[in-house]
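Working notes, beginning with the structure itself.
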Amino acid sequence: MVDNTYFTVIFIDDEPLVLEGLETMIQWEDYGFKIGGAFHQVTEAFWYIQENKPDFIITDIHMPIYNGLQLIEKIQGFNPDAEIIVLSGFKDFDYARKAMALKVMQYLVKPLFDDDLIPLVQAVYRRLKHKKNTRQVSELSIEELLKYHLLSSISKTEIAFSKHLNGFYAQYPINGMWQYIHLEVHKDKILPLGVVAQYIYHLGWHQPCILVDLSPHTRGICVSLDDQQDSMILFEGLSKWLQKIDSKVKMASGKPVKGLVSILESYDVAVECCKYIYHKSAHKCVPYDKIGHKIENTVNHQIIKDQLLQAIEGQRDEELGHVVDMLFLLFEEQHLSLISAKKVVLNIYFDLIDMLLQRSAICAQKMTKLQVASLHEEVDMEGLYVFLEQGIHTIYDAVHHMIRSSQHDEIAAIEAYIEAHISETITLKKLASMFYMHPNYLGQKCKKHWGMGFSAYLNQYRIKKSMLLMKETTDSIQEISKQVGYKNYAHYLYYFKKVVHVTPYVYRRSIN
1 MVDNTYFTVI
11 FIDDEPLVLE
21 GLETMIQWED
31 YGFKIGGAFH
41 QVTEAFWYIQ
51 ENKPDFIITD
61 IHMPIYNGLQ
71 LIEKIQGFNP
81 DAEIIVLSGF
91 KDFDYARKAM
101 ALKVMQYLVK
111 PLFDDDLIPL
121 VQAVYRRLKH
131 KKNTRQVSEL
141 SIEELLKYHL
151 LSSISKTEIA
161 FSKHLNGFYA
171 QYPINGMWQY
181 IHLEVHKDKI
191 LPLGVVAQYI
201 YHLGWHQPCI
211 LVDLSPHTRG
221 ICVSLDDQQD
231 SMILFEGLSK
241 WLQKIDSKVK
251 MASGKPVKGL
261 VSILESYDVA
271 VECCKYIYHK
281 SAHKCVPYDK
291 IGHKIENTVN
301 HQIIKDQLLQ
311 AIEGQRDEEL
321 GHVVDMLFLL
331 FEEQHLSLIS
341 AKKVVLNIYF
351 DLIDMLLQRS
361 AICAQKMTKL
371 QVASLHEEVD
381 MEGLYVFLEQ
391 GIHTIYDAVH
401 HMIRSSQHDE
411 IAAIEAYIEA
421 HISETITLKK
431 LASMFYMHPN
441 YLGQKCKKHW
451 GMGFSAYLNQ
461 YRIKKSMLLM
471 KETTDSIQEI
481 SKQVGYKNYA
491 HYLYYFKKVV
501 HVTPYVYRRS
511 IN
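Going letter by letter, the sequence shown gives residues 1 to 512 in the working numbering.
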């Protein structure tokens, strides 16, 4: 799934085994659906559909009282937007023709396999999402429409976005000059949109403004401009205000654009500007023409590296943060590009790893593998700062540990990794690569320590963790199975019974 939009699916069939198969054949939530119910009686299904109006219905044709086609005719009277797939135990052209006449999406012949079902489910999700988006956009206020446009790109083209703007020409100079201002609030602070609106009014700003609540920690201001000087007055006024209230807010402006329809261009520039600001920046408010693009500028990192080495070797923890702050202030002063800053940070980090390599090859290799993997391509200045700060403290702790003890328990590290990443896919090959061992050697080592093979230990650990979650949470068994790393619910049921000797449902009832 690409977002958090879920639709409801129900199943109707007079064969219990078919219903059970539909429920477990695929992981429905992975494809954007929550199961509303499984009904073997048409009358029960009918009342549920009347009450809840599910989005997606999979129904058999041959059933007592009503057949599937009669049910579909009734449903379409009060739930016309539902997507419907019809199942049948045999091919029947007449039934198929009638089903298509009722605008049923697909007519399938049993037995049904997941390879048949998955493409259809994905197509149904896309159709439902399109219907929902179309319905929602037509009902949006200008603030909601802009939020949709900036965040979810539901308007794939400027023409589509422009069409939805048509209803606001009387209120706003849609075709004039506009500029976007982006505010990112620190996670432990609050900056209500209403407070921002009040201050803009306090500044005496008379041009139209559209304020958008983009997320719990992100605010947007779309400003109508007479000229660019106007925008600087507003931006500087907001900058002084934010500095005065010490609000831990990063603010950046995008370039002015012609027409509100082009505001996405201004938004993209403003968001890019914010990447150059981190929580200890000297200047947390940056106009679009002041961001660092000077790739040719470099910082002499040798002095910084030497200071960090001395602090690590001398076990002076308090100096580390100060040196990192000094490096990032140099980045700001020289308007260094993100690409160049990333190169400097990586050079310093790998030089420190080389120092660690002289003490412990295994430890240095692990840190290189685990730490650098977190430095993704789109990292901003805040991410670089966090990466270097955490990496240096990790190296410091490793040196401190090696000074106190030369022993390193590989199995303990593997167990800790499994515990921390229990919801993810974990393989012996992956762990062997992370800890620089041959998979066969690691497998033998695990079996000797645990008294069982790696896969058996991993499944046993996942099942025991799920038993604990059943005691401590009210999450559904299917949700818990995902939390402990089972992508396939049927696999979870199989291993649970193998380890515990009863089904999860029986176990949960017993502990309750």
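Positions of the beta carbon are idealized from the N, C-alpha and C atoms, including for glycine.
Please classify residue i as buried or exposed, where buried requires at least 16 neighbouring CB atoms within 10 angstroms.
i       : result
Ile-181 : buried
Thr-425 : exposed
His-149 : buried
Thr-157 : Because Thr-157 carries a pLDDT of 47, less than 50, the predicted location of this residue cannot be relied on, and the following value inherits that uncertainty. With fewer than 16 other Cβ atoms within 10 Å, it is exposed.
Gln-243 : exposed
Tyr-169 : exposed
Tyr-107 : buried
Asp-114 : exposed
Val-121 : buried
Thr-530 : Outside the modelled stretch of the chain, which goes from 1 to 512, sits residue 530, for which no answer is possible.
Met-177 : buried
Ser-340 : buried
Gln-444 : exposed
Trp-47  : exposed
Lys-429 : exposed
Lys-275 : buried
Ile-295 : Caution applies to Ile-295, whose pLDDT of 42 falls short of 50 and renders its modelled position unreliable; the model cannot decide the point.
Glu-83  : buried
Pro-504 : buried
Glu-382 : buried
Counting along the chain, where does the alpha helix (DSSP H) carrying residue i start and finish?
i       : result
Asp-561 : Residue 561 lies beyond the residue range present for the chain, which begins at 1 and ends at 512; the question has no answer from this structure.
Val-324 : 317 to 333
Met-434 : 428 to 434
Ser-510 : 504 to 511
Thr-547 : Residue 547 is absent from the model: the chain starts at 1 and stops at 512.
Phe-78  : 68 to 78
Ser-481 : 477 to 483
Tyr-441 : 439 to 450
Lys-497 : 489 to 500
Pro-16  : 16 to 25
Gln-198 : 193 to 202
Tyr-267 : 263 to 274
Lys-189 : Unbroken run through Lys-189: none, as it is neither H nor E.
Ala-413 : 410 to 420
Leu-151 : Looking at the DSSP string, Leu-151 is not in any alpha helix (DSSP H), and its letter there is neither H nor E.
His-142 : The sequence given here places Ile at residue 142; His does not occur at that position. 142 to 147 is the extent of the alpha helix (DSSP H) around Ile-142.
For residue i, write down the residues that DSSP places opposite it in a beta bridge.
i       : result
Ser-224 : Trp-178
Ser-88  : Val-109
Ile-57  : Ile-10, Ile-84
Met-232 : Paired residues: none, contrary to the question.
Glu-184 : Thr-218, Lys-250
Ala-38  : Phe-11
Ile-210 : Cys-222
Lys-258 : Met-177
Val-286 : Ala-252
Phe-33  : Phe-7
Quick one, are the C-beta atoms of residue i and residue j less than 8 angstroms apart?
i       : j       : result
Tyr-396 : Asp-317 : yes
Ala-38  : Leu-22  : yes
Phe-56  : Val-109 : no
Lys-482 : Ser-423 : yes
Glu-184 : His-130 : no
Ile-411 : His-449 : yes
Lys-305 : Asp-351 : yes
Ile-85  : Met-63  : no
Ile-480 : Leu-493 : no
Met-251 : Cys-285 : yes
Ile-477 : Val-500 : no
Ser-266 : Gly-254 : yes
Met-25  : Leu-117 : yes
Leu-214 : Leu-151 : yes
Thr-8   : Pro-80  : no
Ile-174 : Gly-77  : no
Leu-308 : Ile-392 : yes
Leu-165 : Val-261 : yes
Gln-179 : Ser-141 : no
What span of residues does the beta strand (DSSP E) with residue i cover, start to end?
i       : result
Lys-471 : From DSSP, Lys-471 is part of no beta strand (DSSP E) but of the alpha helix (DSSP H) over 454 to 472.
Does the beta carbon of residue i come closer than 8 angstroms to any beta carbon on chain D?
i       : result
Ile-190 : Judged by its chain identifiers, the structure shown contains no chain D, having just a single protein chain.
Examine the ligand GTP and report whether any of its heavy atoms sits within less than 7 angstroms of the Cβ of residue i.
i       : result
Trp-205 : This structure does not include the ligand GTP; it has no bound ligands of any sort.
- Message: Please give the ranges of any beta strand (DSSP E) in the stretch 101 to 133, keeping only runs that are unbroken, at least 3 residues long and fully inside the region.
- Response: 106 to 109
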